[in-house]
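Asker: Residue numbers (our numbering), protein chains in the order written: chain A, 11 to 205; chain B, 21 to 483. Cβ coordinates follow ideal geometry from the N, Cα and C atoms, glycine included.
1) Does the beta-carbon distance from residue 106/A to residue 125/A come in below 8 Å?
2) Please name the residue in 252/B, 359/B, 211/B and 455/B whose C-alpha comes closest to that of residue 5/B.
3) Measuring only the C-alpha atoms, how far is residue 134/A from residue 21/A?
4) Taking 8 Å as the cut-off, decide whether the C-beta atoms of residue 382/B and residue 466/B are in contact.
5) Are any of the Cβ atoms in chain A nearer than 8 Å to that of residue 450/B?
6) Mind listing the chain B neighbours of residue 167/A? Cutoff is C-beta to C-beta under 7 Å, in chain order.
7) With distance defined between alpha-carbon atoms, name the residue in 64/B, 414/B and 410/B nearest to residue 469/B.
8) Drop a sphere of 10 angstroms on the beta-carbon of residue 115/A, count the other beta-carbons inside from all chains shown, and report buried for 16 or more, exposed for fewer.
9) Please classify residue 482/B: is it buried, with 16 or more other beta-carbons within 10 angstroms of its beta-carbon, or exposed?
10) Using a Cβ cut-off of 7 Å, which residues of the stretch 265-277 of chain B contact any Cβ in chain A, in chain order?
11) Quick one: does residue 114/A have its CB under 8 Å from some CB of chain B?
12) Between which two residues does the beta strand (DSSP E) harbouring residue 79/B extend?
13) Rounded to whole angstroms, what is the Cα-Cα separation between residue 273/B and residue 267/B?
14) Within the continuous alpha helix (DSSP H) that includes residue 406/B, where are the two ends?
15) Comparing the C-beta of residue 438/B with each C-beta of chain A, is any distance below 8 Å?
16) Determine the contact status of residue 38/B and residue 84/B, defining contact as a CB-CB distance below 8 Å.
17) Comparing the C-beta of residue 103/A with each C-beta of chain B, is any distance below 8 Å?
18) When you compare the CB of residue 118/A with every CB in chain B, is at least one pair closer than 8 Å?
19) Taking buried to mean at least 16 other C-beta atoms within 10 Å of its own C-beta, is residue 57/B buried or exposed?
20) Note down, one range per segment and in chain order, each alpha helix (DSSP H) of at least 4 residues found wholly within the stretch 271-313 of chain B.
21) Answer with buried or exposed for residue 94/B, where buried requires no fewer than 16 other C-beta atoms within 10 angstroms of its C-beta.
22) In chain order, what residues of the same chain lie with their CB nearer than 8 Å to the CB of residue 46/B, ignoring the 5 residues before and after it?
23) On the three-state DSSP scale, how would you describe residue 418/B?
24) Please confirm if residue 453/B has its CB atom under 8 Å from at least one CB of chain A.
25) List the residues that DSSP assigns as beta-bridge partners of residue 42/B.
26) Apart from the five residues just before and just after residue 463/B, which ones in its own chain have a Cβ nearer than 6 Å to its Cβ?
27) Alpha carbon to alpha carbon, how far is residue 48/A from residue 143/B?
28) Are the C-beta atoms of residue 444/B and some chain A residue less than 8 Å apart?
29) For residue 382/B, would you say it is in contact with chain A, using Cβ-to-Cβ distances shorter than 8 Å as the test?
30) With 9 Å as the C-beta to C-beta threshold (strictly closer), list the residues of the stretch 407-423 of chain B near chain A in chain order.
31) For residue 190/B versus residue 209/B, is the C-beta spacing smaller than 8 Å?
32) Would you say residue 88/A lies against chain B (beta-carbon separation less than 8 Å)?
33) Is it buried or exposed for residue 250/B, if we count other Cβ within 10 angstroms and need 16 for buried?
34) Is the shortest distance between the beta-carbon of residue 78/A and the beta-carbons of chain B less than 8 Å?
35) To the nearest angstrom, how far is it from the Cα of residue 34/B to the Cα of residue 200/A?
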């Protein structure tokens, strides 16, 4: 684990609101006891149904950043969705809004989900459709997202931002530190201590 | 003054983490076979233990076949996932409510069995690797879905790194009209507030309509909070909550019961609690509601016409702007799921089905939410009513809600479904189409062979 202060690379524009986690990773690929190979099934049904799907466009292979619209990742809490995107090569997502659970799952995997206003997202997506080779730079500390001459203000929840830059985005070891404090809290709860 | 959300959050807040997030103690952790195997692998790899194994309970629901729970399952991957859960629970001392062909145990959909056994109680924080964990809020708990890495965190530390939610109070007032159910209430709320209207919020449901609802009905409402973007939804605990819990297997007994009720009562939102937002809905305006699109906010009253410019949804579903959903021929009818697979749902649908028959072209399934519901329903003779009417009576599981088992749509079949999601491909076929509605509306559609206004058929009965 290391601190994450910036993500830089080419980016894939994926238009559409309410792209739910069933579409990102159809349920049949959850029938496994590992996350191995999920990168092969990202948006599988959408891609089969639409030859022009951006994930079918080889121009965008190797993209590190995904640019999406509203309520991305809504629906099922399946971590298989962000796991698939991460394993495909995505390291950060920029969108108008995200489902709470998807955004939290992504954060724990070290994949920040930046929000930005509608006009900024539209400008980014239009630029990436016209000039797919544009390198996008997303700063975790300031939230500033730069794509060529385009500069966009992105946002991360403060706690998540600080966790990334201070190398604390994977919380388990933090949760286990000073474990007596957990036991102390538990002992004050009547249903744990006994009514 | 504080809301229930704030009181419960504060009681479970361990400390502020170096990241600024809150470390929140998790009072009840529920586990199923799909989102947990990788979490157990991670704790094994790191050599972490499970400090509170008695606060985690597991079951098998998503992949379990509903035609027979005989082991080994014919599907080798389903069998492998079940075996992995059995091994993991055994290693860490976690109680597993396992499938079994005799249906004599407590296996069932995780959000059905938690309340049913009294594991779910007011004032708890509840987490599960499943978005519909919001269901448990119906008993006055703060309950939310988590991902697999967070399942790992709860196993290893019985806690999570979280940011608090804002609270939106949603009052529903008045009497629901005949043929209108809890499902119609939540579909209407989601339609009004949008599928992302709840992002950043917990929804607190109240008002006379919610007060008058049974706990089962409140569970239907809280279950779909997440479809409106709210990670958690809850109803303040009241006499109905206590009456529901009393005597259940894991509920406090004897003197402890009275102390528990006193604590639970103290947790309800104060009368002068302040909310981040407040919405009021008049129950009299709610119609039997049906989705026509590809997200749960895309719904209309059954007598209403679709009004949209969403070409993607219309094309996928085969509807046109201005069309009514009523009259749409269906292929499959599904009564079940963590939204509407409880005993009262089945009983209400059975009342309607009695003396009628499923249309010849419709495949109709009734899937109880748990083995206990199967047993109780059979004791009431509901299975006979359904099978006599041409429904298939199945064993407990998630079934066709998400089709990770043999129950699936084929091709672009249209399903009338009492479940919670109408996403593209949700019911197992990449081109399958889902119309969400109440269980009684599903029964009416099964019988008519097409989506129909249940109120017209209710009148037939009374005439």
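Answerer: According to the structure shown:
1) yes
2) This structure does not reach residue 5/B, given that chain B is present from 21 up to 483, and the question cannot be answered.
3) 9 Å
4) yes
5) yes
6) 183
7) 410/B
8) buried
9) Only weak support exists for where residue 482/B lies, its pLDDT of 47 falling under 50; the coordinates are left without a value.
10) 272 and 276
11) yes
12) 76-79
13) 7 Å
14) 402-408
15) no
16) no
17) no
18) yes
19) buried
20) 274-287
21) exposed
22) 32, 75, 145, 146, 147, 174, 178, 179 and 180
23) coil
24) no
25) 36/B and 182/B
26) 369, 372 and 373
27) 38 Å
28) yes
29) no
30) 422 and 423
31) yes
32) yes
33) buried
34) no
35) 15 Å
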